[in-house]
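These notes concern the structure reproduced below.
Protein chains: 2
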Amino acid sequence: MSRPPLRVIPLGGLGEIGRNMMLLEYADDLIVIDVGLMFPEEEMLGVDLVIPDFTYVRERRDALRAVFLTHGHEDHVGALPYFLREFQVPVYSTRLTDGLVRVKLAEHRLLDRAELHVVKPGDVIRAGVFEVEFFQVAHSIPDACGLIIRTPYGPVVHTGDFKLDHTPVMNQHTDLIRLAQVGAEGCLLLLADSTYAEQEGFTPSEELVGHALRNIMAEAPGRVIVATFASLISRVQQVIDAAVATGRKVFVTGRSMIDNVAMAQRLGYLNVPEGLLIGVDEMRSLPHRQLAVITTGSQGEPTSALTRMANGDHRHITITKGDTVVLSATAIPGNEHAVFRNVDNLFRLGANVLYNRVANVHVRGHASREELKIIQSIVQPEYFVPIHGEYRHLVVHARLAEAVGVPEGNAFVLTDGDVLEIDDTCARIAGRVPASYVYVDGLGIGDIDQHILRDRAHLSTDGVVVVIATVDKLTGKLTRPADILTRGFVDEAEQSELLDQCREVVAKSLALADHIADFGEVNSRIKDAVGRFLYERTRRRPMVLTVTVEV
Amino acid sequence: MSRPPLRVIPLGGLGEIGRNMMLLEYADDLIVIDVGLMFPEEEMLGVDLVIPDFTYVRERRDALRAVFLTHGHEDHVGALPYFLREFQVPVYSTRLTDGLVRVKLAEHRLLDRAELHVVKPGDVIRAGVFEVEFFQVAHSIPDACGLIIRTPYGPVVHTGDFKLDHTPVMNQHTDLIRLAQVGAEGCLLLLADSTYAEQEGFTPSEELVGHALRNIMAEAPGRVIVATFASLISRVQQVIDAAVATGRKVFVTGRSMIDNVAMAQRLGYLNVPEGLLIGVDEMRSLPHRQLAVITTGSQGEPTSALTRMANGDHRHITITKGDTVVLSATAIPGNEHAVFRNVDNLFRLGANVLYNRVANVHVRGHASREELKIIQSIVQPEYFVPIHGEYRHLVVHARLAEAVGVPEGNAFVLTDGDVLEIDDTCARIAGRVPASYVYVDGLGIGDIDQHILRDRAHLSTDGVVVVIATVDKLTGKLTRPADILTRGFVDEAEQSELLDQCREVVAKSLALADHIADFGEVNSRIKDAVGRFLYERTRRRPMVLTVTVEV
């Protein structure tokens, strides 16, 4: 009898950016790689977060052996609290990732019951039939790793998020030697980051940003205010280095930036000279030429420190002519509008604003096409699955892989929920498991469905009109004019005539009632009549809600 | 006594992209350049269009002499129907622009009363004290022009939207000689397109796209389906040329594309060999290798032909493996999500999809930095106002102008509504006129305000909860449990317990009523109690609407 197949099951990150989660399964052993979250897309109105669908893990609860985290970004670890609330399972990650996860679990009051293990590159963890080895990769957060997973069919390489940076900030190279060893041995399957599979050439080194920041700080006549991701510790280090080199002190603002800088300093991930970081009082006493500020808000988040500066309501920093603001980040898709509104407002306040389109103040954390080719050439996998990308990125990456050596037909473009089975003879998509978007809204997890989102979309378009009809329980006729309430539809004061006419429409729609119709019918009669009348008069389609009160 | 100043008043397009409109005023003469519309931004929920604020024109109605249109794009002519509904004034534009305007005015039943004049480059129109000359520019629509406006203080140059393309498709060059003559004569003021003021270098020529389209059609194994803007007639010509060169027939789909191709053919703006355009029946009978399709939908518009193909519900075209889809357009900011959803879906259906990031299938219609410098060097204006751009584009463009010769302090970054006054001695921002966003929603023009938009935003986030309390008119107590209706908040069936408790909260909030409180107070008491209860239980803040019915 033949062995059971190895099963590879993405539950997130394939066909969308974010919410990365991948299962590997062999017989009665199941391991999880990353448990990330996704920020809601435009049409997911009112949703706070989107997490992966754990249905299949629930069904295979007894087989679950361990969770492995590649690095500490939200799209790889953000849904872990929701996962650990349900599943008691050991979690393995490197030191900084573990630090970030602990902060998160503490917020969710889950730290006590979580079984967290810190590993370092080169460590091998046994999880059922699997042996999982961490290897270092260059990415836009320290301690990022990929995984080499030994399976009964041979080694699987999961790159995590990576690029090849030969002059990285904190000496965090992608371990090409280890990958080449796996390639020499014979790699069964490569899973590789597709985020920038459309981008020709090489992703520039972080070194470029370091030079740019130093030049900016050397030449700026006043304060230099740098906004970046709070998790981009290496960038924070670059800002600190540039400040030191140009004789500036550094003020840190924004809650998550303050927390992360403190945590990174404590764990030894930031090298900060004594006395460099200053408080508000010292900042106020120093000439602007001797100041640098590190802040949150690079994504235009409404309550972030940079947005407050741009709106002129930051508690400690009032933007003036002579200030230089550096956006050392790219706008994540969906955030462009908010980011550029800040840029515009900062310009209006007189600041010089430097951002990616006009200065080399950011480089991406993901590999471009030439780097992806190098990985393919070194690992030479038998099978390939592009991960981490929208569908087109995966397609483009699969083609690239076939162009540089993956046998035709052996590159599989999967979608969340697809089950790829690999055995001794071949690989094939063998089925699907549930992998829908699970919405978190307030305390609700998974209770928001398409129906509710459609209602929110309708409400957002033309508002709501509520009609309360008080009818006589014997005759079914109105006992007094209907009450009408609107929100988000028209200005009620200006449109009192329209609303008066609407009350008449309600009256007319019930005038023919000569017996007691059931409430459902009365309501839908009123609703139709009012909806039609309002559309004719305004060409708008508010949501009409009708309540009949019988007296 | 000194002469009155020349006044330059932007009513749109400065600080935003779209809705271009500019006033020039001298004593009792007022002229208008462009009357464009803007598509609503994300937070303008349910708004159909945004048009300029005509308040100041209304006040100066007697001074209004003429409207000049630079070209036929919506952001330059789209609000003309709303303008001509109010103001009886001659409109001057080139032939294709006029054709597009006529279609639009006919839709609004305004064609009869409009006074439309067709001009050609070189024509000079007298409008009060002003003399306005049209000059040709290269842009992504035929017949695009800039304007040279003679004023009592000297000539003003308005570039319209332009780039410098030395190998344009329809021989439509930017008239550098005419601009150099104005420069030699001494230009008072230059108003120039800032859209790509951040972009280094030169915008590539349309020729590049022509080559790419021809290569794609030569090599594609099946149909080639090209999506572009319906107004981008020169691109349509390029598709036709490529089809002719590679032995393909052309099928046109999408209402606005069909209309525009017909109009452009009629007016002689398209060169189409006899028998090249085919109908559905012929399309069905031809092998895919001999077919090209031109379609709308390059912006992912929900009901467009390309979106229907991507969703598998186009009436005549079912995407299959072997099809090549070309997106010959860039996603306008705000449309990226819809555009890339189509790309992903087309890939899923098996098509090869070519778009800007992976092939040279589109070039922009606006000048990049090196081109902007050339215009500055040729025109050498005394004063400069960057137009057509978000605020940061204007700032960057003003700096560029000062770097290449505009005297320091003579480049003015204006915002919509600013009044720039120029006289014999200087120029200065002398005041403001109303220039707010005027929202068109259905039949309503300008009746949607921030208050209504805030309500829509609130409704879209957590939905609405309607509470109807029927109270005894003597005691002020509930006569029966409150009626509660929700939309977009929770699943009512799953949350019946929550709603039951909510009814109890209503009852409790009225239990203390020992006299007849006024309705306003009763309503706000219920509203507060319900809002608080629901937030505690769900961490959501639906809009709570309360109606008290007295019986």
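So the sequences go chain by chain: R and C. First residue of the first sequence: 3, per the working numbering; consecutive thereafter. First residue of the second sequence: 3, per the working numbering; consecutive thereafter. Where a beta carbon is used, it is the ideal one built from N, C-alpha and C, also for glycine.
Of the choices R/A509, R/V238 and R/V246, whose alpha-carbon is the least far from that of R/V254?
R/V238
Restricting to Cα atoms, I'd like to know which of C/I151, C/Y271 and C/L178 is closest to C/D125.
It is C/I151.
Straight-line gap, R/I33 to R/R62 (C-alpha atoms, nearest Å)
11 Å
Chain-order list of residues whose beta-carbon lies under 6 Å from that of C/A266 (same chain, five-residue window excluded):
I235 and L272
One or two residues paired with C/K510 in a DSSP bridge
Beta-bridge pairing links C/K510 to no other residue.
Give the DSSP-derived three-state secondary structure of C/R9 in the structure shown.
strand
For R/V69 and R/D177, I'd like the C-alpha separation in whole angstroms.
Looking at the two C-alpha atoms, the distance is approximately 22 Å.
Buried/exposed call for R/H110, threshold 16 Cβ in 10 Å
exposed
Who are the near neighbours of C/V105 in its chain, counting only those whose CB is closer than 8 Å to its CB and skipping five residues on each side?
D261 and M265
With a CB to CB cut of under 8 Å and the five nearest residues on each side skipped, what residues in its chain are close to C/D30?
Excluding its 5 nearest sequence neighbours in each direction, C/D30 has C-beta neighbours in its own chain below 8 Å: D64, A65 and G130, listed in chain order.
Using 8 Å as the Cβ pair cut-off and three pairs as the minimum, do the region 449-464 of chain C and the region 33-49 of chain C touch?
yes
Which whole-angstrom value is the C-beta distance of R/I389 and R/A194, which I expect to be below 8 Å?
7 Å
Among R/T332, R/L293, R/E276 and R/P275, the one whose alpha carbon lies nearest that of R/D283:
R/L293
Contact criterion: CB-CB distance below 8 Å. Does C/T305 meet it with respect to chain R?
It does not: the Cβ of C/T305 has no partner Cβ on chain R nearer than 8 Å.
Determine the DSSP secondary structure at R/K475, reduced to helix, strand or coil.
coil
Give the DSSP-derived three-state secondary structure of C/L279 in the structure shown.
strand
Cβ-based burial, C/V467 [other Cβ within 10 Å; buried from 16]
buried
Could you work out which residues of chain C lie near R/P206, taking near to mean beta carbons separated by less than 8 Å?
Those do not exist, as R/P206 stays about 16 Å from chain C at its closest Cβ, beyond 8 Å.
For R/Q90, count neighbouring Cβ atoms within 10 angstroms of its own Cβ and tell me buried if that reaches 16, exposed if not.
exposed
Go ahead and label C/T169 buried or exposed: buried means 16 or more other beta carbons lie within 10 angstroms of its beta carbon, across all protein chains shown.
exposed
Could you give the uninterrupted runs of the alpha helix (DSSP H) lying entirely in the region 47-81 of chain R, keeping only those of 4 residues or more?
57-61 and 76-79
Ignore the nearest five residues each way along the sequence and tell me which others in C/I2's own chain have a CB closer than 7 Å to its CB.
There is no way to answer for residue 2 of chain C, as the model of chain C reaches only from 3 to 553.
Buried or exposed for R/L278, going by 16 or more other Cβ atoms inside 10 Å?
exposed
Cutoff 8 Å: R/S462 Cβ touching any chain C Cβ:
Chain C contact via Cβ: present.
If distances are taken between C-alpha atoms only, which option among C/D426, C/D167 and C/L547 comes closest to C/E209?
C/D167
Report the option in R/G148, R/L107 and R/A116 whose CA atom is closest to the CA atom of R/V93.
Nearest in C-alpha terms to R/V93, of all of R/G148, R/L107 and R/A116, is R/A116.
Hey, is C/L190's beta-carbon within less than 8 Å of any beta-carbon in chain R?
no
Which residues of the region 392-404 of chain R have a Cβ closer than 8 Å to any Cβ of chain C? Give them in chain order.
Within the region 392-404 of chain R, the residues whose Cβ lies closer than 8 Å to some Cβ of chain C are E392, Y393, R394, V397 and V398, listed in chain order.
Do R/D55 and R/S2 come within 8 Å of each other at the CB atom, strictly closer than that value?
Absent from the model: residue 2 of chain R. The displayed extent of chain R is 3 to 553, so no value can be given.
For C/I11 versus C/G391, is the C-beta distance shorter than 8 Å?
no
Shorter than 8 Å from the beta carbon of R/F342 to some beta carbon of chain C?
yes
Give the single residue among R/L308, R/F521 and R/K479 whose Cα lies nearest to the Cα of R/A1.
Past the boundaries of the shown model lies residue 1 of chain R; chain R is included only from 3 to 553, so the question cannot be answered.
The region 312-324 of chain C / the region 344-355 of chain C touching (three or more Cβ pairs under 8 Å)
yes
Less than 7 Å separating the Cβ of C/R250 from some heavy atom of the ligand PLP?
This structure does not include the ligand PLP; it has no bound ligands of any sort.
Say whether chain C places a C-beta atom closer than 8 Å to the C-beta of R/F349.
It does; some Cβ of chain C falls within 8 Å.
On a Cα-Cα basis, can you pick out the residue from C/T322, C/T96, C/V274 and C/L39 that is closest to C/V120?
C/T96
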